[in-house]
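Below is one structure, written out as structure tokens; the observations come after it.
Residue numbers (my numbering): 138 to 549.
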């Protein structure tokens, strides 16, 4: 019965998402159905929703996501990332190195469909490197998404660590090999052997100035990370400093050069940076998580599968495929499976390994999904067919997933 109700709940969620209903709202509605089918009443649901909205984890996660999107909007509006990349190419004196790093740097904005923002940069550099369109599309996607395994301000990593109740740094250390494999394999598959246009060398003095400019324009992100790493600040507190630094840089820019003047008010820019749809996603995920946590039958059923000899890894793989591929997103896989799978871990280390397995498997099925928005937009921009993109993934994605399998069994 618990399996049937879970399948019905997930089916309703998938249907609503396919009808363009917000993913968080879809998950919340699916959670309501799951609760009602398992004998819960409306009073329970009201109490659960109020409890969820009042939880410290829910509030801080929603606030952190809101601040991240505000910071991203400020850095885009004030052209800080554009100038970072411009300075970066001068420093590196290599179009190949810049095309590798640019999608990742722009990817720190964490905007839905944000791969489109790096397409012009990759396109410009790719033409100079004489790359075909399918290779440019692959570079734009691979070098952007490899960051999502290790970037501590990634909304998906923050969600995973909050739901899992483990250290973000422990999780990132475990996932570092996957990011490295994607970057290294991407370089050898798409860039190695390409002639790199010569860029005139800079005197050491100019190089030092360029490095300072790179740190200056990137300081909102760097300070946001430094506050967490060096001073043990909460992410939402550290992000406030990053936002204030973005505003400060813009005020200095406006005084120096009128071209950096922005017509809209600061308050309007801050307001436009808030993405309510992303907040709703977080709330929906937390509601679903709490409903699942309250249904003991799910854990009993999973334990019965394990007692029958069905490997946990196979259960995770099939469940991630069923959830993340049709939804074209990593987050629902984490939201649905973390509350089911992680409580079965006998210790903290095993919990981390299960989390990594769910995260990476969900990521892989999301990445190749035909409704993956970044992929759709990139294909459209470079006028490339999906089958050409899949052909470029033949080696790199299995290598990345293989790295996860290796880490999982070596560390188990």
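Don't be surprised by glycine CBs; every beta carbon is placed ideally from N, CA and C. On a predicted model such as this, the values are computed, not experimentally measured, just so you know.
Taking the alpha helix (DSSP H) that residue i belongs to, which residues open and close that run?
{"i": "residue 405", "result": "403-410"}
{"i": "residue 325", "result": "305-327"}
{"i": "residue 241", "result": "232-244"}
{"i": "residue 165", "result": "160-174"}
{"i": "residue 282", "result": "270-282"}
{"i": "residue 520", "result": "Neither: residue 520 is in no alpha helix (DSSP H) and is coded neither H nor E."}
{"i": "residue 140", "result": "139-155"}
{"i": "residue 586", "result": "Outside the displayed range of the chain (138 to 549) lies residue 586, so it cannot be described from this structure."}
{"i": "residue 380", "result": "372-393"}
{"i": "residue 219", "result": "217-229"}
{"i": "residue 533", "result": "533-548"}
{"i": "residue 465", "result": "Neither: residue 465 is in no alpha helix (DSSP H) and is coded neither H nor E."}
{"i": "residue 427", "result": "413-430"}
{"i": "residue 481", "result": "Segment: none, residue 481 is in no alpha helix (DSSP H) and carries neither H nor E."}
{"i": "residue 90", "result": "For the chain, the structure presents residues 138 to 549; residue 90 sits outside this window and is missing."}
{"i": "residue 182", "result": "179-191"}
Here's a check: name, in chain order, each residue in its chain whose Cβ is nearer than 8 Å to the Cβ of residue i, leaving out the five neighbours to either side.
{"i": "residue 411", "result": "203, 206 and 207"}
{"i": "residue 481", "result": "436, 439, 440, 443, 449 and 491"}
{"i": "residue 241", "result": "280, 281, 283 and 284"}
{"i": "residue 260", "result": "273, 518 and 519"}
Whole angstroms is fine: what's the gap from residue i's alpha carbon to residue j's?
{"i": "residue 468", "j": "residue 475", "result": "10 Å"}
{"i": "residue 310", "j": "residue 506", "result": "27 Å"}
{"i": "residue 500", "j": "residue 348", "result": "34 Å"}
{"i": "residue 184", "j": "residue 168", "result": "14 Å"}
{"i": "residue 371", "j": "residue 424", "result": "23 Å"}
{"i": "residue 142", "j": "residue 361", "result": "42 Å"}
{"i": "residue 517", "j": "residue 318", "result": "27 Å"}
{"i": "residue 269", "j": "residue 224", "result": "26 Å"}
{"i": "residue 542", "j": "residue 498", "result": "10 Å"}
{"i": "residue 422", "j": "residue 430", "result": "12 Å"}
{"i": "residue 344", "j": "residue 357", "result": "21 Å"}
{"i": "residue 237", "j": "residue 276", "result": "7 Å"}
{"i": "residue 230", "j": "residue 338", "result": "7 Å"}
{"i": "residue 466", "j": "residue 504", "result": "8 Å"}
{"i": "residue 433", "j": "residue 470", "result": "19 Å"}
{"i": "residue 479", "j": "residue 342", "result": "53 Å"}
{"i": "residue 351", "j": "residue 534", "result": "32 Å"}
{"i": "residue 307", "j": "residue 393", "result": "43 Å"}
{"i": "residue 320", "j": "residue 408", "result": "35 Å"}
{"i": "residue 294", "j": "residue 305", "result": "7 Å"}
{"i": "residue 378", "j": "residue 176", "result": "47 Å"}
{"i": "residue 384", "j": "residue 419", "result": "27 Å"}
How would you label residue i, buried or exposed, when you count the other beta carbons within 10 angstroms and need 16 or more for buried?
{"i": "residue 178", "result": "exposed"}
{"i": "residue 395", "result": "exposed"}
{"i": "residue 312", "result": "buried"}
{"i": "residue 140", "result": "exposed"}
{"i": "residue 281", "result": "buried"}
{"i": "residue 485", "result": "exposed"}
{"i": "residue 376", "result": "buried"}
{"i": "residue 521", "result": "buried"}
{"i": "residue 232", "result": "buried"}
Could you name the residues of the same chain whose beta carbon sits closer than 7 Å to that of residue i, not counting the 5 residues immediately before and after it, in chain order?
{"i": "residue 299", "result": "194 and 198"}
{"i": "residue 417", "result": "159, 161 and 162"}
{"i": "residue 154", "result": "160, 163 and 464"}
{"i": "residue 278", "result": "252, 511, 512 and 515"}
{"i": "residue 271", "result": "521, 525, 526 and 529"}
{"i": "residue 327", "result": "272, 275 and 276"}
{"i": "residue 301", "result": "475, 479, 488 and 492"}
So, for residue i: in the same chain, excluding its five sequence neighbours on each side, which residues have a beta-carbon less than 6 Å away from its beta-carbon?
{"i": "residue 496", "result": "297"}
{"i": "residue 200", "result": "373"}
{"i": "residue 286", "result": "312, 315 and 316"}
{"i": "residue 149", "result": "167 and 170"}
{"i": "residue 174", "result": "142"}
{"i": "residue 540", "result": "314, 315 and 318"}
{"i": "residue 387", "result": "215"}
{"i": "residue 355", "result": "221"}
{"i": "residue 390", "result": "397"}
{"i": "residue 447", "result": "none"}
{"i": "residue 544", "result": "314"}
Is residue i near the ligand NAP - that is, is its Cβ less than 7 Å away from at least one heavy atom of it?
{"i": "residue 448", "result": "This structure simply doesn't include the ligand NAP, nor any ligand for that matter."}
Where does residue i fall in DSSP's three states?
{"i": "residue 506", "result": "coil"}
{"i": "residue 199", "result": "helix"}
{"i": "residue 398", "result": "coil"}
{"i": "residue 438", "result": "helix"}
{"i": "residue 332", "result": "coil"}
{"i": "residue 368", "result": "coil"}
{"i": "residue 458", "result": "helix"}
{"i": "residue 344", "result": "helix"}
{"i": "residue 530", "result": "coil"}
{"i": "residue 357", "result": "helix"}
{"i": "residue 492", "result": "helix"}
{"i": "residue 266", "result": "coil"}
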